[in-house]
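See below for the structure under consideration.
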Amino acid sequence: MPPLPHTHPNPHSALLPPLLVRPNVRVRAPHLPSSCDGQKLRTCQVIDPANPNTALRCQIPQETLQKKHFAGFSYGQLICGRHKDCLVVDVFTGSRVSPPRLPFSEDTDFYCGVLTAPLTSPNSHLLICAQSNGNPYSCHYSFLDWQVGSDSWSELRLDDSRIDQIVDFNGHLIAMDYHQRLYTVSLAPNLGLQEISTVWWDDMNECPFLRPWLVVCGNMLLIVDHYISFLFGAPVIYKAYRLNMSTTPATWVEVKKLENYSLFIGADVRSPLFSCKSPGRWGGRSNCLYYAHDIQPWSLHGLGNEADAVWDGSNDPDLVFKRNWYGQLQPFWLYPSMFYTDGQ
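Under full-length UniProt numbering, the first residue of the sequence shown carries the number 1, and numbering increases by one thereafter.
Okay, structure coming up:
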């Protein structure tokens with residue numbers, strides 16, 4: 001599959017951290033409008049880890065938070081839907097794009113949603129994994145592609161699993177399904193998935209992680225998750241493995257340290273993950289993971305053997321570290337859409 005054309009900055013090589021949006025924290029902003037186009041707006045707290053004392057805000061339509069089903073974030077856009085309708089909303093500007101109605105006869109459950117490029121790019125696509133929920137016992141999922149500006153969706157039926165995550169790695173779209181199998185995604189001439197044969201570490205037959213996630217970190221594609229520690233110190237230990245595609249089948253190799261990178265993740269499995277290079281430039285810490293929470297902005301975790309040294313014992317004892325599918329929008333990291341350009 002030929003790589004995707006890159007005409008915009010790669011967020012995975014960013015030297016500044018993403019912003020943290022906290023929909024659960026409402027802030028007063030009398031100088032901001034309370035509605036737009038007849039829709040009530042919720043003013044949410046935004047935190048810049050590089051300037052945490054600077055008051056930032058964004059406004060998200062109240063209806064989007066209360067009635068839409070969250071599918072994902074991509075290029076500063078919130079992707080959501082309800083029934084057979086899908087909506088793409090810019091988190092900071094409020095601009096909205098409405099794709100054609102989904103090709104379903106019933107209401108829809110959303111599991112994954114990403115853009116392949118900024119909306120303003122000439123060849124941007126919206127990819128959705130969804131399921132018509134008319135039959136609660138059906139295990140059939142649909143992988144859908146909408147070329148921005150077109151009037152229809154392309155559909156690929158999935159029989160045995162659903163796509164939970166899609167990342168752009170070195171110009172290629174890599175998807176991971178519910179069973180942690182990897183695929184390359186092709187958009188032309190037809191929407192398609194090609195499985196990447198992989199071998200897990202320690203000769204295991206399947207991924208030992210319960211709910212791992214993919215994140216692009218420099219020139220590495222990582223799979224990351226945690227396990228609970230019952231020893232004194234950090235309550236969770238995060239480990240990362242990189243995909244080595246120079247072998248056939250591809251193998252996962254443990255990464256002991258991220259060196260000069262840090263990672264940013266949210267509690268919802270549909271929220272995007274980011275890496276940041278040289279976090280010391282803005283006061284951050286390398287080889288660390290910033291996990292966004294609802295009861296405190298984030299917790300900081302050292303990867304691997306640095307877990308105990310980094311853990312702050314004053315963190316809220318009720319923090320939860322298992323990513324999940326939530327009915328309400330959880331705090332999430334993102335770069336605003338203006339961070340990306342289409343080269344025009």
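Don't be surprised by glycine CBs; every beta carbon is placed ideally from N, CA and C.
In the structure shown, the three-state DSSP call for Glu306 is helix. The Cβ neighbour count for Thr108, taken over all protein chains shown within 10 Å, is at least 16; the residue is labelled buried.
The Cβ-Cβ distance between Cys217 and Leu289 does not fall below 8 Å. Fewer than three Cβ pairs drawn from the segment 334-341 and the segment 278-285 lie within less than 8 Å of each other, which leaves the two stretches out of contact.
DSSP lists Asp225 as the beta-bridge partner residues of Lys239. Its chain contains Gln77, Ile79 and Val97 as the residues whose beta carbon lies nearer than 6 Å to that of Val88, once the 5 sequence neighbours on both sides are disregarded; these appear in chain order. Three or more Cβ pairs drawn from the segment 211-230 and the segment 238-247 lie within less than 8 Å of each other, which places the two stretches in contact. Here Pro317 is exposed, its C-beta having fewer than 16 other C-beta atoms within 10 Å.
Rounded to whole angstroms, the Cβ separation of Tyr111 and Asp164 is 6 Å, and the two are in contact under 8 Å. Residue burial annotation: Pro103 is exposed, with fewer than 16 other C-beta atoms found within 10 angstroms of its C-beta. Within a 10 Å sphere around the beta-carbon of Val148 sit 16 or more other beta-carbons, which makes this residue buried. Of the residues assessed, Asn133 falls on the exposed side of the cut-off, its CB having fewer than 16 other CB atoms within 10 angstroms. When beta bridges are read from the DSSP output, Ile60 appears opposite Arg42. Beta-bridge pairing by DSSP links Thr198 to Ala250.
Nearest Cα to Phe321 within the set Leu300, Val310, Gly304 and Ala117: Leu300.
If you draw a straight line from the Cα of Trp333 to the Cα of Tyr75, it comes to about 11 Å.
Distance from the Cα of Trp153 is smallest, within the candidate group Asn170, Tyr141 and Ile128, for Ile128.
Inclusion of Ile60 and Arg42 in the CB contact set at 8 Å is warranted, their separation being smaller than that value. Assignment of Leu231 by DSSP, reduced to helix, strand and coil, places it in the coil class. The C-beta distance from Arg323 to Arg211 rounds to 5 Å, short enough to fall under 8 Å.
Counting along the chain, the unbroken beta strand (DSSP E) around Gly113 starts and ends at Thr108 to Leu115. In the DSSP annotation of this structure, the continuous segment of the beta strand (DSSP E) that includes Cys217 starts and ends at Trp213 to Cys217.
Following the DSSP letters along the chain, one finds Ile79 inside the beta strand (DSSP E) bounded by residues Gln77 to Arg82. Thr198 has its alpha-carbon roughly 23 Å from the corresponding atom of Leu187. DSSP places Arg22 inside the beta strand (DSSP E), whose first and last residues are Leu19 to Arg26. Burial check for Phe232: the Cβ neighbour count within 10 Å stays below 16, so the residue is exposed. For Asp294, the CB contacts under 8 Å within the same chain, skipping 5 residues up- and downstream, are Arg22, Asn24, Ala267, Gln330 and Pro331 in chain order. Rounded to the nearest angstrom, the gap between the Cα atoms of Asp90 and Arg28 is 21 Å. For Leu214 against Val167, the beta-carbon gap comes to about 5 Å, under 8 Å, which counts as contact.
Non-local C-beta neighbours of Leu19 in its own chain, meaning closer than 6 Å and more than five positions away in sequence, comprise Val46 and Asp48, ordered along the chain. No Cβ-Cβ contact shorter than 8 Å links Asn305 with Ser286. Residue nearest to Pro189 within the set Asn219, Asp145 and Ala175 is Asp145 (criterion: CA-CA distance).
DSSP places Trp333 in the strand class (E or B) of the three-state scheme.
Gln66 sits in a helix when the DSSP states are folded into three classes. A distance below 8 Å separates the beta carbons of Arg162 and Tyr141.
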